[in-house]
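These notes concern the structure reproduced below.
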Amino acid sequence: MVGRIPIMNVTPLVDLGRQPAKATVGEPFPVRATVFREGHDKLGAEVVLIGPDGKRRPPVRMSKHGDVPDRYETWVTPDAGGAWTFEVVAWSDPIATWQHAAGLKIPAGVDVELMFTEGRLLIERVLGALPARDPAVPVLKGALEAATDAERPEAARLAVLQSPEVSAALHAHPIRELLTVEGPFPVYADRPLALFSSWYEFFPRSEGATKDPKTGKVTSGSFQTAAKRLDAVAAMGFDVVYLPPIHPIGEVNRKGPNNTLDPGPDDTGSPWAIGSKHGGHDAIHPDLGTFEDFDAFVARARSLGLEVALDLALQAAPDHPWVKTHPEWFTTRADGTIAYAENPPKKYQDIYPINFDNDPTGIAQEVLRIVRLWMSHGVRVFRVDNPHTKPVVFWEWLLKEIRRTDPDVLFLAEAFTRPAMMHGLGAIGFHQSYTYFTWRTAKWEIEEYLRELSHETDHMVRPNFFVNTPDILHAYLQYGGPAAFKVRAALAATSSPSWGVYAGYELFEHVAVRPGSEEYLDSEKYQIRIRDWDAADREGRTLAPYLTRLNEIRRQHPALQLLRNLAIHWSDDENILVFSKSASQGDGRSDTVIVVINTDPHAARETTVHLDMAALGLDEHDTFVVHDEITGEDWNWSAHNYVRLDPFHEPAHVLTVRRTR
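Counted from 1, the sequence shown has number 331 at position 331 by UniProt numbering; the numbering is strictly sequential.
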């Protein structure tokens, strides 16, 4: 039933309030509502946060949102992790009603003394509810004196009542009539890593692998050798190291190099073809080591400030133990064979998908056991492979079970699929989501996508901008040269609070298996790939210093650690993208970063950049100094600025607003 003061269209709201909206500890989020009433009397509205401890936080006043009639907004910030709720409170505001009427009638000489009398009565009501030592008391007593002093000029009396000091005091202590409350509405605040993170993906079997120069035989790396790579990953400023599946790899229908069907005896197969005579999802590939070796790897990562993310791929090789012990967990075709995975035109003969409809309870309990097993070995982050091919209701159950006991454990959804499924997975609890970022390369489509992710779907989806994956080598990188790698890294690292790279990106690996394909030539999915990191560093054939600088900038600037604070600006060139991010640093200070990127990796571009000064918290005619965090240069800027970006030198400005002039 509608309240006495109608409060409608409240956001953020996920699935009609059946799921909590996304929040993060310390991250402001907007609450908006349509609030209106009959007649012309004024109203007020505020938001009250209720913490996991059940305590109500101080109310935060709402104000008009943009040019939309009757739309109100304010921003609130959870200060602890856990399940929060918020309420929207509205009331008839006799003080604001009187202020509006007095401002019109008294100068016009209409009902002058009546208006002052009504003002006096309202001020007396406010004073009567205040403790004697409240700082508003002397201010309001002065207003009361002006309202009752008929000897003063009417304009002078009104000036006192309309002064900023009196208005602020009355605003801080409103008279609430016809009080109406809507809510509570659920919000869940996750730990900061759910929002702000820098991911680096590598295959442990490739790190430290060796090749015999005489026989050509490759010896797999292990957790012990891969641990040596962690120092370089941490030095680049990444805080999550993500490992593809580390389990035994199936031998039946094993794939050879470049996804061929005729592997040799020494071919390693795909880590996503999980399970063999050596075990399944609860086992470690013998070449990688033991659980003790894995524990040491996790401990080493943690000592460097890295969290280990493990791949959770719910599928099985034909020789996975599940195929014998639980054949009902798979789909049997009419000819009696078990169906392997297909994503036409791709075929995965080495992988059996799990059929969650045959024994949903048994499968769910087994997956929960596996997740808790790896959690017991220090894994607090999981990257989930193809979650869109499993029932959403299963994920909702699993994520709630884990959150119930271990709310710090995070799940990233790798779901490149229809928007409804991607949004649904985010809504039911996935903490981060892969996105369409890889395929958004033109300025206009990047602008549209950034607006969508930061302002339209932010309540249910947190993006993670991976610039590449073992599956995705976009044509932009295949043909854009080193400049393209810089462009995409700068764009991902500054526009999204979470981003990631797959190993080899810093070496500009860009050759596809065939024209028109997004698969890498000699893909690491099917074979061990030995990289000479030291030689690349010595010879300067690496993007690592650039990635390092981007991650340094991200850590130095709170504005880049948030999602909902992005504003799009304009340029006269169809390839020059401009956006900004701002964040309050307390004590009245703010952190503002303006990013200007040439999305054309093939040519220098020069244009005029036009800034939305209000979005930067500046006046239209302000001038200010910007500092380029990449090159170290300073410039004087204003609302309209000339830029020239040469992708062969530096394709992006990452500008800090240092001071106004």
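The beta carbon of each residue, even a glycine, is placed where N, CA and C say it ideally should be.
In the three-state DSSP reduction, E73 falls in the strand class (E or B).
When the beta-carbon positions are compared, T608 and L560 stay at least 8 Å from each other. Assignment of beta-bridge partners to L563 by DSSP yields no partner. Listed in chain order, the non-local C-beta contacts of T469 below 6 Å within the same chain comprise Y502, local neighbours out to five positions each way being set aside. Of all alpha-carbon atoms in L310, P353, F86, L195, the one lying nearest the alpha-carbon of I370 is that of L310.
Taking 8 Å as the cut-off, the Cβ atoms of Y505 and V513 do not count as close.
Counted as a single uninterrupted DSSP element, the alpha helix (DSSP H) harbouring M115 occupies residues 112-128. Cα atoms of H640 and R133: separation of roughly 50 Å, rounded to the nearest angstrom. Bounds of the beta strand (DSSP E) holding M8 are 7-11.
CA-to-CA, the gap between V89 and Q99 works out to about 21 Å.
DSSP, read as helix, strand or coil, puts R152 in coil. According to DSSP, residue pairing for Q432 in a beta bridge involves L412. Of the candidates D534, G81, S167, the residue whose Cα lies closest to the Cα of I123 is S167.
When secondary structure is reduced to three states using DSSP, E201 falls in the strand class. By alpha-carbon distance to H649, the top candidate from P545, R658, T656, T631 is T631. Annotation: the region 214-277 contains the following complete segments of the alpha helix (DSSP H) (minimum length 4 residues), in chain order: 223-226, 230-235. The three-state secondary structure of K64, taken from DSSP, is strand.
The alpha-carbon of L453 is positioned some 21 Å away from that of R71.
The secondary-structure analysis by DSSP pairs R133 with nothing; it has no beta-bridge partner. A straight line joining the alpha-carbon of D295 with that of V384 spans about 21 Å.
Taking all protein chains in view, the Cβ of Y200 is crowded by 16 or more other Cβ atoms within 10 Å, so the residue is classified as buried.
Here DSSP, grouped into helix, strand and coil, assigns E177 to strand.
Membership of R554 in the alpha helix (DSSP H) is indicated by the continuous run 544-556. Rounded to the nearest angstrom, the gap between the Cα atoms of L616 and H627 is 15 Å. S454 carries a helical assignment under DSSP once its states are collapsed to helix, strand and coil.
Membership of F394 in the alpha helix (DSSP H) is indicated by the continuous run 392-405. Straight-line measurement puts the Cα of F508 at about 6 Å from the Cα of P482. Considering only K324, L121, T210, D239, the residue with the shortest C-alpha distance to S276 is K324. In this structure the region 52-63 does not lie against the region 582-599, because fewer than three pairs of beta carbons, one per stretch, are closer than 8 Å. In the DSSP annotation of this structure, I576 is not part of any alpha helix (DSSP H); the continuous beta strand (DSSP E) holding it starts and ends at 576-586.
When beta bridges are read from the DSSP output, H474 appears opposite no residue. The alpha-carbon of N575 is positioned some 5 Å away from that of T599.
CA-to-CA, the gap between I594 and P463 works out to about 20 Å.
In the DSSP assignment, S167 falls within the unbroken alpha helix (DSSP H) covering 164-172.
DSSP places W84 in no alpha helix (DSSP H) but in the uninterrupted beta strand (DSSP E) bounded by 82-92. Secondary structure at V371: helix, using DSSP grouped into helix, strand and coil.
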